[in-house]
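Some notes on the structure that comes next.
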Amino acid sequence: MLRYLVHRILVMIPTLFVISALVFIIIQLPEGDYLTSRITELQAQGEKISHEKIAFLRQQYGLDKPPLQQYAHWVIGMLHGDLGYSFEYNLPVNEVVGDRLFLSFVLSFSTIVFTWAVSFPIGIYSATHQYSWGDHGLTFIGFLGLATPNFLLALVLLYFANVAFGTSIGGLMDPQYLDQPMSWAKFGSVLAHLWIPVIVIGTSGTAGMIRRLRANLLDELEKQYVVTAHAKGLPPGRALLKYPLRMALNPFIADIGSLLPQVISGAAIVSIVLSLPTTGPMLVHALQSQDTFLAGSFLMFLAFLTVVGMFVSDIALAMLDPRIRLAGGIRR
Amino acid sequence: MEQGARLPHYVSDAPFDPYSIETLTPEQERFFLASQWRMMWWRFKRHRLAVGAGLLLLGFYLAIVVSEFLAPYNLHSRHNRYIYAPPQQIHLYRNGKLQRPFVYGYRLHLNLDTMKREYTENTRKIFPVRFLCAGEGYRLWGLFKGNLHLVCPSRRGTLFLLGTDRLGRDVLSRIIYGARISLTVGLVGIGVSFLVGLILGGLAGYYSGWVDSLVQRLIEILRSFPELPLWMALSAALPVDWSPIGVFFGITLILGLLDWTGLARAVRSKLLALREEDFTTAAILMGARPSRVIARHLIPNFMSHIIASATLSIPSMILGETALSFLGLGLRPPITSWGVLLTEAQNMNAVALYPWLMLPVVPVIIVVLAFNFLGDGLRDAADPYKA
Amino acid sequence: MRWTRTLALACTLGLLSAGASGAAWKEAPMLAARAAKGEIPPVGERLPAHPRVIDVAKMGREPGRYGGDLRVLMARSKDTRIMVVYGYARLVVYDTNYKLIPDILESVDVRQGRIFTFKLRAGHRWSDGHPFTTEDFRYYWEDIANNKDLAPFGPPQILLVDGKAPRFEVLDERTVRYTWVKPNPFFLPALAGARPQPIFAPAHYLKQFHARYTDPAKLAALAKEEGQRNWAAVHIRRFRPYKNNNPDLPSLQPWINTTFPPAQRFVFVRNPYFHRVDERGRQLPYIDRVLMNIADGKLIAAKSGAGESDLQARNLSFNDYAFLRQNTEWVGIRVLLWKTTKGAHLALYPNLNVSDPQLRRLARDVRFRRALSLAIDRDEINDVIYFGLAQPGNDTVVAGGPLYKPEYQHKWAEFDLDRANRLLDEVGLKKRDDDGVRLLPDGRPLSIIVETAGEDTEQTDVLELIADSWIRAGIKLFSKPLQREVFRNRIYSGQTFMSIWGGLENGLPTADMIPHELAPTAQDQLQWPKWGQYAETGGHAGEAPDLPAAQELARLNAQWTASSDHSTREKIWERMLTIRMNRMYTIGLISGVPQPVVISKRLHNVPEKGIYNWDPGAHFGVYMPDTFWLAAH
């Protein structure tokens, strides 16, 4: 077990390095750099910018150095905890990200809770009543959420909420509460805005989860020990929940690691449409304007979370399933 | 052991028919002699929803071959006098009497105060719908000239069953033409994904060792990346001077290249399991080369699973294309796909004033659901030897 | 010179009226409360001795009521700069007739177009109460513009004539003078621009960040703390008067930013030392605070329609009008339609510097350009996309301006396919392929790829309409949407044959405004990027113009800069506009597309009909938002 842990930790480090190189390449891939997009933006507004100014700015932003040097500078900075400087916001990256991280977390957490809360009962019902009308009907509703493009659904719900409930359009709360301390009114306003993204993002995730839970549970229910349990007179509820469900949960725990990038990615488009002050729109804008440090550091942060998350879920799985521990490896 | 007396043996000399004890009923015979694919088909048929979905999809794909025939108007035909016109209803009854299907004409009022075009039904203008008629000229697949349509408007009238957009283009026709691009993106994308996943997963599963480690790390890296930045970067890197078709294939390539990890992992785990099976060992002992072992023995065993997984990935390709269009990275006008149509409907004007512009979402939902049900059915049927 | 006389007159009037209303100034209750507590001096000491008097009644407006919060929506947190634009407090400003008059300055004296003497208002203070004096001008000139760390490439271009800097003198504590060797017609317009050229800075605040006045070791420590390279970066970060993102920086604008970025909501509070008063002696602005909410650009139209903004024009386009209008009844907003005065809302730019030799030959042939223009059905574009409310015609000065002539707008802009076809035949494109598309001499079909950088569908829609009419002249049009940077870079490098963009920025020029948009002067002119680059870099890069008409335009532009009397300048403008009309270097489509402006029903003094233009005009700036006021709920 210990050897396994150490091995996994050692493997994580080169993985992160490769990811950092990939991230850097991805940001630099489109032509030009932050300054070129800034300049074209200014020119589009009819403002002139002289060549000397451009050269001066390039030097200021450190964009005149060769890419390899920029990359090294960035990685070394990150290892010291310095995430770099955002060109667009003119602030250190931690300030820009930190502001939004909390709200992102709230949104992601609510979405995950919603997804699990909805898919568990439906999955269990579907597995135990296979091919019934209920099974088909509920699965259909679950899939409907998956099939509808998120951005359109978000916009329609936004309009509907405004017309039906008078909720202000977009944002995570009504504008007047933005600077004020937390109060019941503010909390209520946040809830009134939060339900839209949670439902839109959550419903795309429930279908997959229902299907997986259903499939796994079906597999487990075929097994011998369930038959034995029934034969021995165990009440059906316990026979279902105590043993097969625990086994069916294995892949969920294994998937916690990859849940995070998915939720953050799925949330990005919806956040853009709904104008939520979360990390998604910030990331997209940073990528579009090639704000190297902001985009790069944030992506590294995400990748780091994911890699650590996958590691943690492997540990959790090993602890949960003694067979894995004893057999010495993961059977995927 | 104590030497005892010989035990009495009794072997009968009478003729013996081995099948007299246990005869197979015709049913059972059919079952046991059926090939693997046969059995899969039977299992698949049981899943009614999947069969229905499969037929529907088959219909859609056949339809895109003859989009020009099915659509009442051409992709780019505009009507300046019918901008933002609401959908026209087909009526069958007039004054209580059954008639040839017809639509009423529009009466247009240009409201210069609210800047809206106000349309009302003009019950005095009757335009019968024509079937199998000669309508607007087109070029089938851009090659063959023709003008036969399934339905067309009457000569002086209009047939906007789903309304028109801001340039007066028929929404229904655009949806039909858009199907061509969207459905093809799914297929081509999955083809790319399939190929890459099969090769890489196969190598990892069969050879193990460092190849396996490498591929696993690659998969892990790709999976820990949020999709969005990868899409954005790769789309932005597409050369600018490619023709629209080139961009189209570029986009499908990108979607396919970012999706193969699931397939590769499935292939790999199946191969790892099957490698230990007796029949593989037998084949190797009998002198079969690795290529023969893979092709003849291993692949047929998991192909069904892989096909099921692939089918289940197509919907994410189609939705991915719509998301890319939304971000402005995918296909853009003048190429028309469902994603492009939805992006054009992605504004408050469409939601509040002209809701029929959002109708392209319906075929997207139908196709995605259909692929999901089909994939479910295929997956349930994939291992016919399971109970 | 006309200049000096007008300005002197304006100053005298200002002084007289100031004297007339006397010293009984009035202030907003919010400030009165603070003055009572002793936080700020009484209003008599906060206003300059002779503040600028805005005669609100004379402008046809109602004198206002103090108080209220004005909500506006912006798409990026960078748009805090828009409050500098809307506030529009400048040394000199444009009035609603686009004449330059002093605002912050008490008087401006111009001799021979090259000697500028500025007089400040006595007692004028910064927003933190410190006096605003000529020391601030000196600090900018010597310690910023000519400091080798803060400006390694020297003072800004706009302050140089023939590459030479002016002589700067401080005559006394209220008067400064800039003297150039040759006339500098760009100086005052640059000071009055939407994005102004700063020539003064709050010295008392910035000195603590300047190595000349503060211990360099302390500055180095500060730089390290803030993660900046050196003290220069620290200073630059603090002094961004246009960006308006440093709440500590003293300002002269009517509303001061009080929120540090990053934020989703920026609060701008009234400046207690603002230098304007209304005719009754009440210190402006009327409105106490401006609340700027940052929201996604695509949602701003929806939010405005839901009543979440009290004054909105940015991120609203003509397409949104129907939606906005429909909500006015129950949401408490009104939607106005202002005019836009760009030379053309959209124009096609054949690239005369395109690399492909065949295409270049065509682009340079005036008959080809005229034919392209004749084959466009502008009335159809107007009807289909702009509800018939725009003006079809060329990219030139718009009707209502002093230099306008109808033939500038309409020559070669009629829809005449026969003539277009004949001209194209003349050019040598007689042969056609099976589809009727004309063939270039080397056999390629003539398919023109028009590249666009538009974020929405407006440009591709217009191009689709043009494509349908061009095909009848045997030209196939493909539109190619691109990312903005790529779009411009391709034009600059000659890879693009034709692009589509907005037309002349200033469609209502007077003869006294520089005609630089009509001549090759800048690289970002999409019809001749290399010729423009040549002019911009003084011949170091790009190519010299080689068409006689373009050369003449460049010559006329230089002549204008050297001339100083009104009638010569008028004749030069006329000649340049005529050349433009005949040569069709840019193919204008429509102009005068109305701009929706959403205002709250409670907001008064916003003109019903106005002109929405960036420069000159500063969007709302010329209409002085400090005179807008909100009625009580």
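Protein chains in written order, with my numbering: chain X, 13 to 344; chain B, 1357 to 1743; chain L, 15 to 647.
We put the CB at the ideal spot given by N, CA and C, even for glycine.
These numbers come from a predicted model, not from an experiment.
Min CB distance X/N106 to chain L below 7 Å = no
Contacts of L/G241 in chain X (Cβ-Cβ under 7 Å) | Y97 and P104
So B/G1461 packs on B/N1478, CB below 8 Å; how close in whole Å?
-> Contact annotation, B/G1461 with B/N1478: C-beta distance approximately 4 Å; criterion of less than 8 Å satisfied.
Alpha carbon to alpha carbon, what distance is there between L/R104 and L/H224?
-> 25 Å
Nearest residue (CA-CA) to L/L561, options L/T148, L/N333 and L/D379 | L/D379
In angstroms, rounded to a whole number, what distance separates the CA positions of B/A1644 and B/G1618?
-> 30 Å
For B/S1681, collect the residues of the same chain with a Cβ closer than 8 Å to its Cβ; drop the 5 residues on either side in sequence, then sort them by chain order.
-> L1687, R1688, S1693, G1695, V1696, L1698 and T1699
Establish whether the CB of B/V1717 and some CB of chain X are separated by less than 7 Å.
-> yes
Buried/exposed call for L/G36, threshold 16 Cβ in 10 Å | Because L/G36 sits at a pLDDT of 44, beneath the cut-off of 50, its placement in the model cannot be relied upon, and the point is left open.
Got a sec? Which residues, its chain only, sit under 7 Å from L/R498 by beta carbon, not counting five neighbours each side?
-> A467
Going along chain X in order, which residues have a C-beta closer than 8 Å to the C-beta of B/M1714?
-> L164 and V168
Rounded to whole angstroms, what's the CA-CA distance from B/N1705 to X/L164? Just pull it up for me.
-> 13 Å
Between which two residues does the alpha helix (DSSP H) carrying L/N587 extend?
-> It should be pointed out that residue 587 of chain L corresponds to Trp in this sequence rather than to Asn. Element bounds for L/W587: H580 to R597.
Answer yes or no: does any C-beta atom of chain L fall closer than 7 Å to that of X/S309?
-> Cβ-Cβ to chain L under 7 Å: no for X/S309.
In its own chain, which residues sit with a C-beta less than 6 Å from the C-beta of L/K232, not counting the 5 before and 5 after it?
-> none
Closer than 6 Å: X/P78 CB and nearest the ligand ADP heavy atom = With respect to the ligand ADP, the structure shown offers nothing to examine, as it has no ligands at all.
Buried or exposed by the 16-neighbour rule on C-beta atoms within 10 Å, applied to B/K1501 = exposed
Determine the direct distance from the alpha carbon of X/V212 to that of X/G154, and round the result to whole angstroms.
-> 12 Å
Would you mind reading off the limits of the alpha helix (DSSP H) that contains X/Q40?
-> L14 to Q40
In this structure, what does DSSP give as the bridge partners for L/S493?
-> L/V464
Residue from X/A159, X/L252 and X/H92 with nearest C-alpha to B/P1716 | X/A159
Would L/S581 be called buried (16 or more neighbouring beta carbons within 10 Å of its own) or exposed?
-> By the neighbour-count rule (16 or more Cβ atoms within 10 Å), L/S581 is not buried but exposed.
According to the Cβ coordinates, are L/S141 and L/I308 closer than 7 Å?
-> no
Count the other C-beta atoms from every protein chain shown that fall within 10 angstroms of the C-beta of L/K51, then say buried if there are 16 or more, exposed otherwise.
-> exposed
Beta-carbon contacts of L/P630 that lie in its chain and below 6 Å, excluding the five residues immediately before and after | Y108 and Y112
7 Å Cβ cutoff met for B/E1424 and B/Y1475 = no
Nearest residue (CA-CA) to L/L174, options L/E187, L/P197 and L/E239 = Distance check between L/L174 and each of L/E187, L/P197 and L/E239 places L/P197 closest, using alpha-carbon atoms only.
Residue-level contact to chain L via CB, B/P1689, 7 Å cutoff = Closer than 7 Å to some Cβ of chain L, the Cβ of B/P1689 qualifies, so yes.
Determine the chain L residues that contact B/R1522 at a beta-carbon separation under 9 Å, and present them in chain order.
-> N333, V398, I399, T471 and D475
Coil, strand or helix - B/R1621 by DSSP | helix
Cross-chain neighbours of B/N1705 in chain L, by beta carbon under 9 Å = By Cβ distance, chain L contributes A315, N333, D334, A336 and F337.
Taking all protein chains shown into account, decide if X/M194 is buried (16 or more other Cβ within 10 angstroms of its Cβ) or exposed.
-> exposed
Sufficient close CB pairs (3 or more, under 8 Å) joining the stretch 601-618 of chain L to the stretch 322-329 of chain L | yes
Can a CB atom of chain B be found closer than 7 Å to the CB of X/F36?
-> no
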